[in-house]
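If you read the sequences in order, they're chains A and Y.
Numbered by my numbering, the letters in the first sequence go through residues 15 to 320 in order.
Numbered by my numbering, the letters in the second sequence go through residues 14 to 486 in order.
Note that beta-carbon positions come from the ideal geometry of N, C-alpha and C, so glycine has one too.
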Amino acid sequence: MNNKKSKVVQYNRWGYIFLIPFVVVYLIFQMIPLVTTVYNSFFENYRSGLTQIGPNFIGLENYKTIFTNGDLPAYTKNTLIMWVLGFVPQIIISLLLGAWFTDPSLRLKGQRFFKTVIYLPNLIMASAFSMLFFTLFAKTGPINSILVSLGVLSEPYAFMDNVWSVRGLVAFMNMIMWFGNTTILLMAGMLGIDTSLFEAAEVDGATASQIFWRITLPLLRPILIYVMITSLIGGLQMFDVPQILTNGTGDPARTSMTLIMYLNKHLFSKNMGLGGALSVFLFIITGILSLIVFKFSGNTDPDGKK
Amino acid sequence: MRNMKKFASLALATAMLAGVLAGCGSDGGSTNTTPADNGGSTAATAAPADNGGATTAAGEEGKVLNIYVWNEEYASRMAKHLPGYDAADVENPLKGGKIGDVEVVFHQTPSDNNAYQESLDSAYLKQADAAADDKVDIFLVEADYALKYIDSDFALALSDLGISAADVSDQYEYTQKIVTDSNGNLKGASWQAASAGLIYNREIAKEVLGTDDPAEVQKAVADWDKYVETAAKVAEKGYKMCSVNDTYRVYSNNVSGKWVQDGKIVVDANMDRWIDDSKALADSKAETTDDLWGDDWAKGKDGGVFCYFGPAWFFNFCLDADREGSVANKGGWGFVEGPQSYYWGGTWICAAAGTDNPSLVKDIILTMTTDKAVLKEIAIDESECVNSKSVLADLAGSADGNIALLGGQNPYAELAKGAEGIDLSNISAYDQACNESLQNAMKGYFTGSYKDKDEALQAFYKAVVEKHPELSY
């Protein structure tokens, strides 16, 4: 009896030792930066040329600045618009593809091939992808010359000077890059649904669309919410695609400037105070969203209730 | 058996701990667990490459010469024209090379978005503590922000290196004014005199103006009113004059006051004129709004654009004369002074305080900026307007100065005249941030993204303040 107990304690100790690497790495690379970011956000601290100004403690002044100068709502709006524009088609296509891939009655050939192909865009570096689009959609780029020579356009269209074409391109790129990933997540969810339910529905004479709307979708809800929230978190951190596409300007007229691009602007002038305040704001939003995911993913009972 | 298990787990644990302690860098396993990221996010950092082959200093001078640059221009000039320098690869000069037994290492950061300055700033802050072979020895600056470094103690006075005023007396005065600090110390030197003019497409000039003779073309663009008239004619024939950003520097060099006065950002009357002129020309489609250096802008090098505004380095560096099918390849450009005299860019070589190779740095600066044989070679090989009154005078009167891509025209007399007349009383340390931001904000106004000038100006102020939080407007 006594012997057994000590064994348990000993193994616990090993457990802690095995946890050390994670904890150390977490402390150094996550916890310390996080705490110093919050700390920095209370200071006036930037560099102008070769002159370092601050750090001077200014309390909540930085937060006041970012909330009152009107930039934050504008850039949050831009970010969300571009996210929605990309996410809606992405989820529709992914649902469709997922339903087709998992439907045993369709017996699709070459599934593996297509699954690989739709995931491929994700492997390209986002910056390379945006460089490509930047060149493709330049005024004298191939897309414009094709459209002009086909007679669709009478003169080249300035894609980069138009609010909705830039936002559209950003959304389109994000969609192309991420729909494969989403499809695979949704497929995993769909494959997790008890096939006897589908069979029963079929026996009862349900049509394919009825099965999709009444069985697949409701049972897929936890996965859908997970996909949506993680995509939203990723969307809030949208940076590389618009940054490269607009050369860091967020043009036209800063309508494609995202929150992180704005943060990047402050960090470029080494403005740790304002940058910190902005990061804390983003952290809180992302934190809330993650809590929602946490709540929902805890609810996925194996019996499929809710 | 139990002992074996215990031993095994102990071994594993030790291995793991060792892994953590040995190198946080190589442990990529569990650093970051962000949720599946459907929007895409990365952090952008541009750190200058670490210098590899640092060796311990033997003798009195360091074995590594660190040079900070933003493009390969200077590296290429050095590779081709500096006697005694053995470049590793002349076609790819940034790879560095050797001068005697000293290794030359280039650290490149592009100048967009102030990135080059950021890299210099951090190098400056580390300079005192860096190992001898990691210290910056030479850095290059552009006129736009030269004052920032010249007025700091980062740049070494040339007299401290042993370069006297007599050594550099053949250089143009304006090239020295830019790099003279507030106490009158000369702290840098350039091999270029970047006086600039208007480079026109001869074929289009013949079609639109009926002649490609430089004297006649100059009459058609002699001032801004004439320029606008000509632009209308050019647009009528279906060509573009140039980009609004091309004319920018011509206006911005002729301002009556500095960008920042008493901590406030001031938009000069001439800048205001640029905004209004450009808006009108962009609306009538006589000028494009393409960004400089972009693909759309560069297409004009193959025709369709009446002119580019540029100094002598533009001939060689930007007109793609080597490429089959470009206008320059056929010798189709001409050069005139244009509406107002101005300069553009130019690169200054500065010695960094704390350099461990002072005599080598001195040699390089002297050879690259005052040695007449080297300068003449650069002028002829690279069609550059070099920073030497006597070499330019020499070239203006000789067939050596005829430039093939200008259809054999000799531009040196005009270039020399321009260099004498450049006035630099209004440059300030804020020029790059202000110029870049104004061009960018106004592009939104020209293309209609901002509904009026005032909204665009607000965006301009905001962008400058982001870069320099201490300014107001």
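Beta-carbon proximity check, residue i vs residue j, cutoff 8 Å
i, j, result
"Thr382/Y", "Ala202/Y", "yes"
"Leu169/Y", "Ala429/Y", "no"
"Asn84/Y", "Gln445/Y", "no"
"Met96/A", "Ala185/A", "yes"
"Asn370/Y", "Asp150/Y", "yes"
"Ser270/A", "Arg126/A", "no"
"Gly347/Y", "Asp225/Y", "yes"
"Asp309/Y", "Asp303/Y", "yes"
"Lys456/Y", "Asp265/A", "yes"
"Val257/Y", "Gly351/Y", "no"
"Leu133/Y", "Phe119/Y", "no"
"Glu86/Y", "Thr360/Y", "yes"
Closer than 8 Å to chain Y by CB, residue i
i, result
"Tyr89/A", "no"
"Asp265/A", "yes"
"Phe268/A", "For the record, residue 268/A in the displayed sequence is Arg; it is not Phe. Interface residue, yes."
"Gly262/A", "yes"
"Ser163/A", "no"
"Ala291/A", "no"
"Asn285/A", "yes"
"Lys309/A", "no"
"Asp117/A", "no"
"Val177/A", "yes"
Below-8 Å beta-carbon distance, residue i vs any chain A residue
i, result
"Glu427/Y", "no"
"Thr122/Y", "no"
"Lys466/Y", "no"
"Ser462/Y", "yes"
"Lys277/Y", "no"
"Ser165/Y", "yes"
"Ala364/Y", "no"
"Glu483/Y", "yes"
"Gly316/Y", "no"
"Glu300/Y", "no"
"Glu131/Y", "yes"
"Asn127/Y", "yes"
"Gly457/Y", "yes"
Rounded C-alpha distance that separates residue i from residue j
i, j, result
"Glu433/Y", "Gly287/A", "46 Å"
"Glu116/Y", "Gly97/Y", "12 Å"
"Ser165/Y", "Gln140/Y", "13 Å"
"Ile138/Y", "Gln66/A", "Checking the displayed sequence, the identity of residue 138/Y turns out to be Leu instead of Ile. Roughly 10 Å separates the two Cα atoms."
"Asp50/Y", "Gly248/A", "With a pLDDT of 39 at Asp50/Y, under the threshold of 50, the predicted position of this residue should be treated as unreliable, though the coordinate-derived value follows. Computed Cα separation, rounded: 4 Å."
"Ile298/A", "Lys464/Y", "34 Å"
"Leu273/A", "Leu171/Y", "45 Å"
"Ala62/Y", "Val77/Y", "A caution first: Ala62/Y carries a pLDDT of 35, below 50, which makes its placement in the model unreliable, though a value can still be read off. Going by the C-alpha atoms only, they are around 14 Å apart."
"Ser55/A", "Pro170/A", "46 Å"
"Lys560/Y", "Gln471/Y", "Past the boundaries of the shown model lies residue 560/Y; chain Y is included only from 14 to 486, so the question cannot be answered."
"Leu200/A", "Ile138/A", "22 Å"
"Arg262/Y", "Val82/Y", "22 Å"
"Ile198/A", "Thr116/A", "10 Å"
"Thr209/A", "Gly219/A", "16 Å"
Cβ neighbours of residue i in the same chain (closer than 6 Å, five flanking residues each side left out)
i, result
"Val241/Y", "none"
"Leu167/A", "Leu161"
"Gly53/Y", "Bear in mind that the predicted position of Gly53/Y carries a pLDDT of just 37, short of 50, making it unreliable; the figure below should be weighed with that in mind. Within the same chain, Gly53/Y has no close Cβ partners at all."
"Trp287/Y", "Tyr264"
Other residues of its chain near residue i: CB distance less than 8 Å, five sequence neighbours each side excluded
i, result
"Leu484/Y", "Val273, Gly276, Lys277, Ile278, Tyr443, Val477, Val478"
"Ser62/A", "Ser283"
Beta-carbon proximity list for residue i, same chain, < 7 Å, skipping 5 on both sides
i, result
"Tyr158/Y", "Gln130, Ala442, Asp444, Gln445"
"His94/Y", "Val387, Glu390, Ile391"
"Val141/A", "What sits at residue 141/A in the sequence shown is Ser, not Val. Contacts found: Asp254, Ile258."
"Val103/Y", "Ala92, Lys93"
"Pro135/A", "Ile190, Met191, Gly194"
"Gly73/A", "Phe56"
"Glu216/Y", "Gly345"
"Asn439/Y", "Val268, Gly270, Lys271"
"Tyr89/A", "Met271, Thr272, Leu273, Tyr276"
Problem set entry | Residues in the region 143–155 of chain A having any Cβ partner in chain Y nearer than 8 Å | Thr149, Ala152, Lys153, Thr154, Gly155
Exercise. According to a CB-to-CB cut-off of less than 9 Å, which residues of the region 59–80 of chain A neighbour chain Y?
Worked result: So the close ones are Tyr60, Arg61, Ser62, Gly63, Leu64, Thr65, Gln66, Ile67.
Problem set entry | Interface residues of the region 183–204 of chain A facing chain Y [CB-CB below 8 Å] | Asn188, Met191, Trp192, Asn195, Thr196, Leu199
For this session: Could you please tell me which residues of the region 269–283 of chain A, in chain order, have their CB closer than 8 Å to any CB of chain Y?
Result: Thr269, Ile274, Asn278, Lys279, His280, Phe282, Ser283
Problem set entry | Residues, ordered as in the chain, of the region 44–59 of chain A that lie near chain Y by beta-carbon distance below 7 Å | none
Exercise. Using a beta-carbon distance cut-off of less than 7 Å, what residues from the region 137–155 of chain Y approach chain A?
Worked result: Those would be Tyr137, in chain order.
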